[in-house]
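All remarks here apply to the structure that follows.
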Amino acid sequence: MDLNKVMIIGRLTRDPELRTIPSGHSVATFSVATGRVWTDQQGQKQERTEFHNVVAWRRLGEIAGQYLTKGRQVYIEGRLETRSWDDPNGTKRYRTEIVAENLILLGSARENAQRTQIPSAHDFAPSQKSSQNAPSSTPSAKTPTQTPKTPQQTGEEVISVEDIPF
1 MDLNKVMIIG RLTRDPELRT IPSGHSVATF SVATGRVWTD QQGQKQERTE FHNVVAWRRL
61 GEIAGQYLTK GRQVYIEGRL ETRSWDDPNG TKRYRTEIVA ENLILLGSAR ENAQRTQIPS
121 AHDFAPSQKS SQNAPSSTPS AKTPTQTPKT PQQTGEEVIS VEDIPF
């Protein structure tokens with residue numbers, strides 16, 4: 001059994017670049033920086049930053065383009081893909097990217113109050129049109145317009161503190 005799964009938490013190094021390919025599908029590309037800290041054999045604190053290229057397709061790409069901005073902390077779950085091409089000089093070039101399958105916006109306390117889990121790429125069937133399930137927004141709005149549902153609206157039972165046995 002093989003496994004190709006990537007999970008990172010980091011900050012965007014630039015705003016996503018959103019474009020539409022000839023087939024009509026949306027694709028967002030951006031870069032995320034992650035850091036690692038360790039102590040070396042001499043007891044010195046060491047740091048290393050990695051920069052990850054990320055690609056988000058279709059609806060997830062549209063959402064990334066709408067909500068992600070440079071400096072924003074994000075959790076990304078996906079898979080690794082390496083593509084190759086010949087540059088104009090005839091040299092074979094390679095690029096390894098994370099193909100995003102799920103995004104969760106993270107961040108500061110102010111941002112946490114507005115934290116939104118972005119739907120997974122699997123939540124949308126390929127036959128659905130981009131306009132379906134699209135959150136409405138204004139150009140200056142970067143937060144979701146839907147309000148969370150209360151337990152009464154979702155049909156869940158409300159539990160009182162007095163009902164808890166401990």
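Numbering follows full-length UniProt numbering, with no gaps: position 19 of the sequence shown is 19.
Idealized CB from N, CA, C, for every residue including glycine.
The three-state reading of DSSP puts GLN73 in strand, counting E and B together.
Counted as a single uninterrupted DSSP element, the beta strand (DSSP E) harbouring GLN46 occupies residues 45-57.
Here ILE8 carries a strand assignment [DSSP, helix/strand/coil]. Sequence-distant Cβ neighbours of GLY24 in its own chain, meaning closer than 7 Å and more than five residues away, do not exist here. Only residues of its own chain outside the window of five on either side were considered, and among them LEU12, ARG14 and ASP15 have a CB closer than 6 Å to the CB of LYS70, listed in chain order. Straight across, the Cα-Cα distance linking ARG72 with LEU103 is about 12 Å. For GLY35, the enclosing beta strand (DSSP E) covers residues 26-39.
Partner residues in a beta bridge of ASP2, as assigned by DSSP, do not exist. Around the beta carbon of ILE76, 16 or more other beta carbons sit within 10 angstroms, so the residue counts as buried.
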